[in-house]
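Q: Residue 15 in the UniProt record's numbering sits at position 15 of the sequence shown; the count goes up by one each step and never skips.
Every residue, glycine too, gets a C-beta built ideally from N, C-alpha and C.
Sharing a structure, written as structure tokens. Questions coming.
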Amino acid sequence: MDPLSDVLSQLDSHSSVFAGLQAGGDWSICFPAPEGIKFNAVIEGSCWLLVEGERPIELHQGDCFLLSKARPFILASDLSLQPIDSHLVYRDARNGIAHYRQGQGFFLIGGRFAYCDEARLLLDGLPAVVTVNGQSGQAGVLQWALQQLKTELPSSLPGSSLIVRQLGHLMLVQVLRLYLAASQEHPPGWLAALSDPKINAAIQAIHAEPEHRWTVNLLARRVGMSRSTLALRFKQKVGMGPLAYVLRWRMQLASRELRRHQGSISSIAQALGYDSDSAFSNAFKRVMACSPREYRLRQAAVASVA
1 MDPLSDVLSQ
11 LDSHSSVFAG
21 LQAGGDWSIC
31 FPAPEGIKFN
41 AVIEGSCWLL
51 VEGERPIELH
61 QGDCFLLSKA
71 RPFILASDLS
81 LQPIDSHLVY
91 RDARNGIAHY
101 RQGQGFFLIG
111 GRFAYCDEAR
121 LLLDGLPAVV
131 TVNGQSGQAG
141 VLQWALQQLK
151 TELPSSLPGS
161 SLIVRQLGHL
171 MLVQVLRLYL
181 AASQEHPPGW
191 LAALSDPKIN
201 AAIQAIHAEP
211 EHRWTVNLLA
221 RRVGMSRSTL
231 ALRFKQKVGM
241 GPLAYVLRWR
251 MQLASRELRR
261 HQGSISSIAQ
271 ALGYDSDSAF
281 SNAFKRVMAC
291 SPREYRLRQA
301 AVASVA
């Protein structure tokens, strides 16, 4: 599995939520700060997007945007209008689609992807708002998926909910790909590092063999770079050194196993290359601020409440 797929697999597809918005005339709707990653796509018409702390963005048919930070936002035909709270609009949604004002000049599909807190460690490099121009040549996959979503979202056919979730994940991956391809000038962060072939190769090696006793020298030889060049470029691109990333990714995998499975802590430690439970526990505490046992109990308590 490639690194992007590795990280996105931590998104909980079963907790993803999708809904449509049909609006006409003059309208303005304010939304609370989303929990998780918020994805929206304009199917018909145009609107303005105003995210707290950001400049207004005009969106047109086919355009998509991704919100990675917990900030409230407004969607409107005119930003000078007084917005209505979104829950007043969506509470009367029918077949997954909310209707506001008269007419059908605007249609948007939105989705929210839940994820564990640990996934944030790798997704923090994203800007608050990522937009993709729906008319760009690379957006063909998005356009196809948008039309499928438009059909499946209100459908009562068997399997429509699953199809909507899968299409949503397809579009999320494609938006992230297009974001990486759009410019090489990204702020330091894990996602942006994937656009650097050498650093991407180093990350892929770590993901393929997380249990390996990696050193900077070994990684440098694997990707054909000098030790000093790899160490410097890796930190510039990812925001941390190669060995710090090895530790971080191991703890990502450990937390995933502790949440989803009942395997022993010793077996998890051994699978990740640790010679003893104590060494694994100390490493886990440095990253997660709690012991593996405490983490598992905490996650079990959260799951029982849910």
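If you scan the stretch 236 to 302 from start to end, which runs of the alpha helix (DSSP H) of 4 or more residues do you find wholly inside it?
A: Listed in chain order, the complete alpha helix (DSSP H) runs (minimum 4 residues) inside the stretch 236 to 302 are 242 to 260, 265 to 271, 277 to 288.
Q: For GLU58, would you say it is in contact with chain C, using Cβ-to-Cβ distances shorter than 9 Å as the test?
A: Judged by its chain identifiers, the structure shown contains no chain C, having just a single protein chain.
Q: GLY96 and GLY20: beta carbons closer than 9 Å?
A: Yes. Within cutoff.
Q: Check the C-beta distance from ILE163 over to PHE18 and give it rounded, since I have them as a contact under 8 Å.
A: The Cβ separation is near 11 Å, so there is no contact.
Q: Would you say VAL246 and LEU230 are within 9 Å of each other, going by their C-beta atoms?
A: Going by C-beta atoms, VAL246 is not nearer than 9 Å to LEU230.
Q: Provide the residue(s) that pair with VAL89 in DSSP beta bridges, ordered along the chain.
A: Answer is none; VAL89 lacks a bridge partner.
Q: Spell out the partners DSSP gives HIS99 in its beta bridges.
A: Looking at the DSSP assignment, HIS99 forms a beta bridge with GLN22.
Q: Determine the DSSP secondary structure at LYS69, reduced to helix, strand or coil.
A: Coil, per DSSP.
Q: In terms of DSSP beta bridges, what is ILE43 paired with?
A: Its beta-bridge partners do not exist; DSSP assigns none.
Q: Given this structure, state the Cα-to-Cα distance separating GLY273 from HIS169, to the nearest angstrom.
A: Computed Cα separation, rounded: 32 Å.
Q: To the nearest angstrom, how far is the alpha carbon of GLN252 from that of GLN102?
A: Those two C-alpha atoms are separated by around 48 Å.
Q: Give me the DSSP bridge partner(s) of LYS38.
A: DSSP output for LYS38 lists LEU67, ARG112 as bridge partner(s).
Q: Mapping DSSP to helix, strand and coil, what is SER226?
A: Three-state result, SER226: coil.
Q: Can you check whether the CB of GLY45 is closer than 9 Å to the CB of GLY134?
A: Taking 9 Å as the Cβ cut-off, GLY134 and GLY45 do not qualify as a contacting pair.
Q: For LEU59, which of helix, strand or coil comes out of DSSP?
A: Looking at LEU59 - three-state DSSP - the assignment turns out to be strand.
Q: If contacts are defined as beta-carbon pairs under 8 Å, then PHE39 and LEU66 qualify, I think. What distance do you get, rounded to the angstrom?
A: Indeed, because the Cβ distance is near 5 Å, the residues count as touching under 8 Å.
Q: Let's see if you can read the secondary structure: which residues bound the beta strand (DSSP E) around SER28?
A: Here the beta strand (DSSP E) through SER28 covers 28 to 31.
Q: Can you tell me whether SER86 is buried or exposed, with buried defined as 16 or more other CB within 10 angstroms of its CB?
A: When all chains shown are included, SER86 counts as buried.
Q: VAL129 and GLU35: beta carbons closer than 9 Å?
A: Their beta carbons are not under 9 Å apart, which means VAL129 does not touch GLU35 by this criterion.
Q: Can you tell me which residues form a DSSP beta bridge with ALA76?
A: In the DSSP output, where bridge partners are listed per residue, ALA76 has SER28, TRP48.
Q: Might you give, ordered along the chain, the residues of its own chain that have their beta carbon closer than 8 Å to the beta carbon of LYS198, omitting 5 neighbours on each side?
A: Closer than 8 Å at the Cβ level, and outside the excluded window around LYS198, lie VAL223, GLY224, MET225, LEU230, ARG233.
Q: Taking 9 Å as the threshold (C-beta atoms), are LEU172 and LEU180 in contact?
A: Their beta carbons are not under 9 Å apart, which means LEU180 does not touch LEU172 by this criterion.
Q: Taking only three categories from DSSP, how would you classify ARG165?
A: DSSP places ARG165 in helix when its eight states are reduced to three.
Q: Would you grab the beta carbon distance between PRO292 and SER281 for me? Rounded to a whole angstrom, and I think it's under 8 Å.
A: About 6 Å; that satisfies the 8 Å criterion.
Q: With DSSP run on the structure shown, which of helix, strand or coil describes THR215?
A: It is coil, neither helix nor strand.
Q: How many angstroms separate the CA atom of ARG91 from the CA atom of ALA98?
A: Spanning the two alpha carbons is a distance of roughly 8 Å.
Q: Flag this pair as yes or no: are the beta carbons of GLU58 and ARG71 separated by less than 9 Å?
A: No, Cβ-Cβ distance for GLU58 and ARG71 is not below 9 Å.
Q: Would a C-beta distance cut-off of 9 Å place ILE74 and SER28 closer than the cut-off?
A: A contact, by the Cβ cut-off of 9 Å.
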